[in-house]
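Chains as they are written, first to last, in my numbering: chain A, 223 to 437; chain B, 3 to 397.
No residue lacks a Cβ here, since even glycine has one placed at the ideal position from N, Cα and C.
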Amino acid sequence: MVSIEGVKFQYDAAGPVLSFPDFSCAQGGRMLLLGNSGAGKTTLLHLLCGLLTPTTGALTVGSKSLHASTDRELDRWRGSEVGVVFQQAHFVQSLTVRENMALPHQLTTGRIPEELEAKMDDMLDRLGIGHRAWAKPHELSVGEQQRASIARALLHKPQVVFADEPTSALDDASAAAVMNILDREAADATLVVVTHDQRLKDRYDSCVTLKPQQP
Amino acid sequence: MKLGVTTQARRNLQAKPLQTALSLALLAFGVGMVSMMLLTEKQVNDAFERNIKDIDLVLGAKGSPLQLILANVYHIDAPTGNISLEAAQKVVKHPYIASGIPLAYGDNHEGYRIVGTEMGYVEHYGAKLAEGSWWAETFEVTLGAKVAEATGLALGDAFFSAHGLTDQTDIHTNRTFTVVGIMEPSGTVVDQLILTAIQSIWDVHAHDGEEVDPSSREITAMLLKKRNPLAVLTIPSTLRDTNMQVALPAIEVNRMTQQFGLGTKTLRAIAMLIMALSFASIFISVLDNIRARRHELALMRTMGGTPRTLYTLLLVEGGLLSAGGTLLGLVLSRIAMVVLSSFVEEQFHYSLSSMIPLPGELALAAAAVAVGLVASAIPAGRTLRLDISKTLSEA
């Protein structure tokens, strides 16, 4: 599940206080966080990932109360229970697609079990990029990068998946394909999509619209 | 699949081949130069020490004292001239002198000196026979191990000597030398000498078999062992009105190494400068990596990487660079030593081929790796303060 209550955040003492509406999403549910530029979408996403600490309020993601956790706990939690699909597909450029996929497991547990490798190959095949498994990220097309990014976020079966503008740079057909992949592959996880893409507003029953923040 | 921190670090270095090669090359040159100087100094000093071996004074013709030592102790320079055997024997009889070993030479065979001497010379260096016997008659010779190997001469072979110490043009065809023995390698100067009786040297230079007046017989030098330390002060004053001088090997060699010392100090300073540049290169390389890869590093934090994980990764990258550069430098110094050794062997018949790592080199390697780690640890510290949210937002 994902739940936030009375969350406010301030980047620095002299800066504006950003406020976010309360909402919750049940385990395995889907939710859209819709907002235009300046609504604090990225800030909220980073708060939900435990990359930022709220000034006030309570954030619960999966089994974790983020506002009451240490940095070390949050690092481990992100690696094991959270999957993030970024707007721009970030990769470690010196590693292959397969190695990038295995990296969260390596960083969290210090090893890569053989069964994970089999899962990796299955997932890449399902996403249609099995033949690109040994390629370096810069050798992939934008669409392939996006699918590889989804594969990496979902491989370790996270409880919660956050997707940051997953369709913003895609045409209608590609956007629909990416969302279908996300829905299918994250079937057991809670999926929170943060976007300004109006094409997605009717996709899920649960949608929270973020209003522009007051300066 | 192995994706440990060392694999990741290695991949990151391979992804920037030019930068990595520059850092490696700089450190390898610096370490290589220092290592080569340590190896050379050690082997040259060892060779000097081995050959001085209880020779307190060298009596010879007036001229450069250093030349007298280099010619008669190490056999790598021309002698200063000849001295009277009779006069030299008078010096040996001085109460402050315990013993003397005469040396007479002026000819060579294929660049190897033919030295007339006594068995005392062989005993002094502890040389042993590998085969055959010691010279007994005139024109019998016993070869040093290196001479036998280089010339291919074997027991019973005969050869002519050539006038001079390196030249092969003026050959004495009037007399034939015969090989009667070959010595075991001793690691001393006798390895590169052809030893014979002094009489052989006199006879080969005698005109048409004429007998030389015993009072006018000459030798090249006399190696002296003192009985009394005052010999060092007293003997020179007794030679004031003669054509002779005594030189102290220890002092002359010390003077020479001090003169070399200025050169080696300069070289060492250059090597240290190159090493400092290489550490700066590692520092810049790690710093540049952090700047260029900050999004990757932030990404790794979102995937479960702790600040310590990222810090360790960058530290290992610096460690691999410094360890690789150091190892490459030690290999490089040995390749250079092989080249230098072949040159020295050709010019002076001395071998500098020992490649065993010296304690100084191990200390150098440890220091290079440690400084390399520090040079990467300082910029890597930035990862501990990386603002992940801000970095990801900038992408």
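- [ ] Could you tell me which residues DSSP puts in a beta bridge with A:F231?
- [x] For this step, residue 231 of chain A is matched to residue 9 along the first sequence. In DSSP, A:F231 forms a bridge with A:L240.
Task: Opposing strand residues paired with A:C271 [DSSP bridges] - done: Start at 1 with the first residue of the first sequence, and residue 271 of chain A comes out as number 49. In the DSSP output, where bridge partners are listed per residue, A:C271 has none listed.
Open item on the list: Just checking: is the beta-carbon of B:R303 within a distance shorter than 8 Å of some beta-carbon in chain A?
Closed with: Looking up residue 303 of chain B in the second sequence gives position 301. For B:R303, the answer is yes, since a Cβ of chain A falls inside 8 Å of its Cβ.
- [ ] Can you say whether B:T171 is buried or exposed, counting buried as having 16 or more other CB atoms within 10 angstroms of its CB?
- [x] On the second sequence, residue 171 of chain B is found 169 positions in, with the first residue counted as 1. Under this definition B:T171 is an exposed residue.
Open item on the list: Using a 10 Å radius around the Cβ and a threshold of 16 neighbouring Cβ atoms, would you call B:A368 buried or exposed?
Closed with: Looking up residue 368 of chain B in the second sequence gives position 366. It counts as exposed.
Task: Between the CA atoms of B:E43 and B:S202 - distance to the nearest angstrom - done: Here residue 202 of chain B is taken as the residue at index 200 of the second sequence, counted from 1. Here residue 43 of chain B is taken as the residue at index 41 of the second sequence, counted from 1. Their Cα atoms are separated by approximately 37 Å.
Task: Neighbouring residues, chain A, relative to B:G1 (Cβ below 7 Å) - done: With chain B represented from 3 up to 397, any question about residue 1 of chain B goes unanswered, as that position is not in the structure.
Task: Through-space distance from B:L72 to B:D56, alpha-carbon basis - done: Working through the second sequence from its first residue, we reach residue 56 of chain B at position 54. Working through the second sequence from its first residue, we reach residue 72 of chain B at position 70. When rounded, the distance between both Cα atoms is 16 Å.
Task: Contact list for the segment 265-284 of chain A against chain C, Cβ threshold 7 Å - done: Going by chain labels, chain C is absent from the structure shown, which instead holds the protein chains A and B.
- [ ] Measuring only between beta-carbons, confirm whether A:H312 sits less than 8 Å from chain B.
- [x] Numbered from 1 along the first sequence, position 90 holds the residue referred to as residue 312 of chain A. Judged by the 8 Å Cβ criterion, A:H312 is in contact with chain B.
Task: Contained alpha helix (DSSP H) runs [length at least 4] in the segment 305-335 of chain A, N- to C-terminal order - done: List check, alpha helix (DSSP H) in window: 319-331.
TODO: Indicate whether the contact test is met: 3 or more Cβ pairs, each with one atom in the segment 308-323 of chain A and one in the segment 4-14 of chain B, closer than 8 Å.
DONE: yes
TODO: Determine the burial state of B:Q91: buried for a count of at least 16 other Cβ atoms within 10 Å of its Cβ, exposed for fewer.
DONE: Working through the second sequence from its first residue, we reach residue 91 of chain B at position 89. With fewer than 16 other Cβ atoms within 10 Å, it is exposed.
Task: Cβ pair B:G306, A:S302 closer than 8 Å - done: Counted from its first residue, the second sequence places residue 306 of chain B at position 304. Counted from its first residue, the first sequence places residue 302 of chain A at position 80. In this structure, A:S302 lies closer than 8 Å to B:G306 by Cβ.
Open item on the list: According to DSSP, simplified to helix, strand and coil, what is B:P19?
Closed with: In the second sequence, residue 19 of chain B corresponds to position 17, counting from 1. In this structure, B:P19 counts as helix in the three-state DSSP scheme.
TODO: Please determine if the segment 265-285 of chain A and the segment 359-378 of chain B are in contact, where contact requires at least 3 C-beta pairs separated by less than 8 Å.
DONE: no
Open item on the list: Considering just the uninterrupted stretch of the beta strand (DSSP E) at B:N176, what are its terminal residues?
Closed with: Residue 176 of chain B sits at position 174 when you count from the first residue of the second sequence. From DSSP, the beta strand (DSSP E) with B:N176 extends over I173 to M185.
- [ ] Scan the segment 84-163 of chain B and note each continuous beta strand (DSSP E) run of 3 residues or more that stays entirely inside, going in chain order.
- [x] Fully enclosed beta strand (DSSP E) runs of 3 or longer: 99-111, 114-119, 131-134 and 142-145.
Open item on the list: Taking the alpha carbon of A:A373 as the reference point, which residue from A:V307, A:G272 and A:D393 has its own alpha carbon closest?
Closed with: For the purposes of this step, residue 373 of chain A is identified with residue 151 of the first sequence, where counting begins at 1. Ranking A:V307, A:G272 and A:D393 by Cα distance to A:A373 puts A:V307 first.
- [ ] Give me the Cα-Cα distance between B:M339 and B:Q21, rounded to the nearest whole angstrom.
- [x] Within the second sequence, the letter at position 337 stands for residue 339 of chain B. Within the second sequence, the letter at position 19 stands for residue 21 of chain B. Whole-angstrom Cα-Cα distance: 28 Å.
Task: A:G279 - partner residues in DSSP beta bridges - done: On the first sequence, residue 279 of chain A is found 57 positions in, with the first residue counted as 1. Per DSSP, none; premise fails for A:G279.
Task: Buried or exposed by the 16-neighbour rule on C-beta atoms within 10 Å, applied to B:L232 - done: Mapped onto the second sequence, residue 232 of chain B falls at position 230. So B:L232 counts as exposed.
TODO: Whole angstroms is fine: what's the gap from B:R296's alpha carbon to A:L362's?
DONE: Numbered from its first residue, the second sequence carries residue 296 of chain B at position 294. Numbered from its first residue, the first sequence carries residue 362 of chain A at position 140. For B:R296 and A:L362, the distance between alpha carbons rounds to 21 Å.
Open item on the list: Let's test the definition: count the other Cβ atoms within 10 Å of the Cβ of B:T168 and tell me whether it reaches 16, buried, or not, exposed.
Closed with: As a position in the second sequence, residue 168 of chain B is number 166, starting the count at 1. Exposed is the call here.
Open item on the list: Among B:G102, B:L24 and B:T222, whose alpha-carbon lies nearest the alpha-carbon of B:P81?
Closed with: By one-based count along the second sequence, residue 81 of chain B stands at place 79. It is B:T222.
Open item on the list: Pull the bridge partners of A:F245 from the DSSP assignment, please.
Closed with: Residue 245 of chain A sits at position 23 when you count from the first residue of the first sequence. Answer is A:I226.
TODO: Could you check if B:D109 is buried or exposed, using at least 16 other CB atoms within 10 Å of its CB as the buried criterion?
DONE: What you label residue 109 of chain B is simply residue 107 of the second sequence in a count that begins at 1. Flag for B:D109 reads buried.
Open item on the list: To the nearest angstrom, how far is the alpha carbon of A:A340 from that of A:A324?
Closed with: Along the first sequence, one-based indexing puts residue 340 of chain A at 118. Along the first sequence, one-based indexing puts residue 324 of chain A at 102. Their backbone Cα atoms lie some 11 Å apart in a straight line.
Open item on the list: Quick test of your reading: B:H174 and B:R115, contact by CB under 8 Å. State the CB separation rounded to the nearest angstrom.
Closed with: If you number the second sequence from 1, residue 174 of chain B lands on position 172. If you number the second sequence from 1, residue 115 of chain B lands on position 113. That belief does not hold up - the Cβ atoms of B:H174 and B:R115 are roughly 14 Å apart, past 8 Å.
Task: Nearest neighbour of A:T389, chosen from A:H360, A:P380 and A:R425 [CA to CA] - done: In the first sequence, counting from the first residue as 1, residue 389 of chain A sits at position 167. Considering only alpha carbons, the answer is A:R425.
Open item on the list: Just checking: is the beta-carbon of A:V319 within a distance shorter than 8 Å of some beta-carbon in chain B?
Closed with: For this step, residue 319 of chain A is matched to residue 97 along the first sequence. By this cut-off, A:V319 is not an interface position.
Task: Bridge partners - A:F173, DSSP secondary structure assignment - done: The requested residue 173 of chain A does not occur in the structure, where chain A is confined to residues 223 to 437.
TODO: Express the C-alpha separation of A:P243 and A:A280 in angstroms, rounding to a whole number.
DONE: On the first sequence, position 58 is the one that residue 280 of chain A refers to. On the first sequence, position 21 is the one that residue 243 of chain A refers to. In a straight line, the C-alpha of A:A280 is about 12 Å away from that of A:P243.
- [ ] Can you tell me which of the three DSSP states A:S285 falls into?
- [x] Mapped onto the first sequence, residue 285 of chain A falls at position 63. It is coil, neither helix nor strand.
Task: A:F245 and A:P276 closer than 8 Å at C-beta - done: Against the first sequence, residue 245 of chain A aligns to sequence position 23. Against the first sequence, residue 276 of chain A aligns to sequence position 54. The answer is no: Cβ separation not under 8 Å.
- [ ] Could you run through the segment 333-349 of chain A and flag, in chain order, every residue whose CB is less than 7 Å away from some CB of chain B?
- [x] I334 and E339
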